[in-house]
């Protein structure tokens, strides 16, 4: 096995670039009083909160399977306790991740992994015809409510800090008018995965009207993108309007990133990665594939030059796997003459390579001296034993390019 050979030279895999959300399976619910009925209702509400966060769907509670489960939330709770929020007593709940996933699978719902896109929020508030950009840590009620709503949905959000670089890079008319070039330029320094631009009009002491644009591309791709931003509006009390906006934003992002469960999976799927130069590359790549929500297990079965072929056992469909794979910046298409493209479904493509003539190669044991030196070991052709070739693999194997 390739992995056994590489284990002698294992190095820590590089982390994913997306933000890791750590509280997906935790909920906090205010208890209006101390009777058992209120606590039971809080448990049901907590379960729904977690299911919304994990699935990425604000409407998941309307599913018949989910509704039945919410009436008996006990089996899904792994830990509970009591806390306090703004002077109110709360029920603190932690749910079993495996049980939650099984429930979502039974409900034919979706699952959104802990690796989630970071969203940069530009917000301009119009109060009495005076417009002002809301910077991070301003203490503004809109800022606080946006962050709270995002936390409830498991969305990593950040706001610009408002230093000299920010105030010279962009102005209020740029944001209010939704001009892409200055928005992209000003956002670049924060390296977000998506950009949310919000125009807020105050209507009375606690009412607000929100109009927003969601750019689901990184800033460096905004100007040349053919994809129009998502748009929406929300109004009412500040907490209500911001929750409605963030729910729509989360639902739209989940439609791009979440993986469907409970459908007909397509079993084993082969994928070839080129430009695997070192053992660090190999283990980072293997870990990245294993951590994909659509993947049950990964097995490396062939090395040829700088290319490694993995057998991937899927929990979902091949299309869902491709979409999820396409979100990682370290994976890109590898154009080769005479090969056909495979569409990720979001505009990016990979290559389908005919591998009927490829021969599997076995790995010789590595040089112990290389292990002792601890140096980053290249994937050397001299490590490959071609004397014991295996039966050729037929069919199409999609080839991608690894760019760590």
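Residue numbers (this note's numbering): 1220 to 1623. Each residue gets a CB set at the ideal place from its N, CA and C atoms; glycine is no exception. Small disclaimer: the values here were computed from a predicted structure and weren't measured.
Next item on the list: Return the first residue and the last residue of the alpha helix (DSSP H) that residue 1316 is part of.
Entry: 1316–1325
Item checked: Alpha carbon of residue 1416 to alpha carbon of residue 1294, nearest angstrom -> 41 Å
Next item on the list: Mark residue 1501 as exposed unless 16 or more other C-beta atoms lie within 10 angstroms of its C-beta, in which case mark it buried.
Entry: buried
Next item on the list: Evaluate residue 1335 with the Cβ neighbour count: other Cβ atoms within 10 Å of its Cβ, from every protein chain shown; 16 or more gives buried, anything less gives exposed.
Entry: buried
Notebook entry, point to check: The beta strand (DSSP E) spanning residue 1338 covers which residue range?
Noted result: 1338–1346
Check: At what residues does the alpha helix (DSSP H) containing residue 1466 begin and finish?
Finding: 1457–1476
Notebook entry, point to check: To the nearest angstrom, how far is it from the Cα of residue 1327 to the Cα of residue 1542?
Noted result: 18 Å
Next item on the list: Just confirm the distance between the C-beta atoms of residue 1372 and residue 1272, as a whole number of angstroms; I'd bet it's less than 8 Å.
Entry: 6 Å
Check: What residues in its chain sit with their C-beta under 7 Å from that of residue 1518, if we drop five residues either side in the sequence?
Finding: 1529 and 1530
Check: Which residues in the same chain as residue 1448 place their Cβ atom closer than 7 Å to its Cβ, once the five residues preceding and following it in sequence are excluded?
Finding: 1432, 1433 and 1434
Notebook entry, point to check: Around the Cβ of residue 1617, are there at least 16 other Cβ atoms within 10 angstroms (buried) or fewer (exposed)?
Noted result: buried
Check: Among residues of its own chain, excluding the 5 on either side of residue 1408, which ones have a beta-carbon nearer than 7 Å to its beta-carbon?
Finding: 1384
Note to self: Measuring straight from C-alpha to C-alpha, what distance separates residue 1377 and residue 1524?
What the structure shows: 42 Å
Next item on the list: Give, in chain order, every unbroken run of the beta strand (DSSP E) that is at least 3 residues long and sits entirely within the region 1247–1328.
Entry: 1296–1304 and 1307–1314
Notebook entry, point to check: Going straight from the alpha carbon of residue 1602 to that of residue 1316, what length do you get?
Noted result: With a pLDDT of 42 at residue 1602, under the threshold of 50, the modelled position of this residue cannot be trusted; read the value that follows with caution. When rounded, the distance between both Cα atoms is 41 Å.
Checklist line | Local Cβ density within 10 Å of residue 1498, reported as buried at 16 or more and exposed below that | finding: buried
Checklist line | According to DSSP, residues forming a beta bridge with residue 1479 | finding: 1329
Next item on the list: Pick helix, strand or coil for residue 1536, following the three-state DSSP scheme.
Entry: coil
Checklist line | As assigned by DSSP and simplified to three states, the class of residue 1372 | finding: coil
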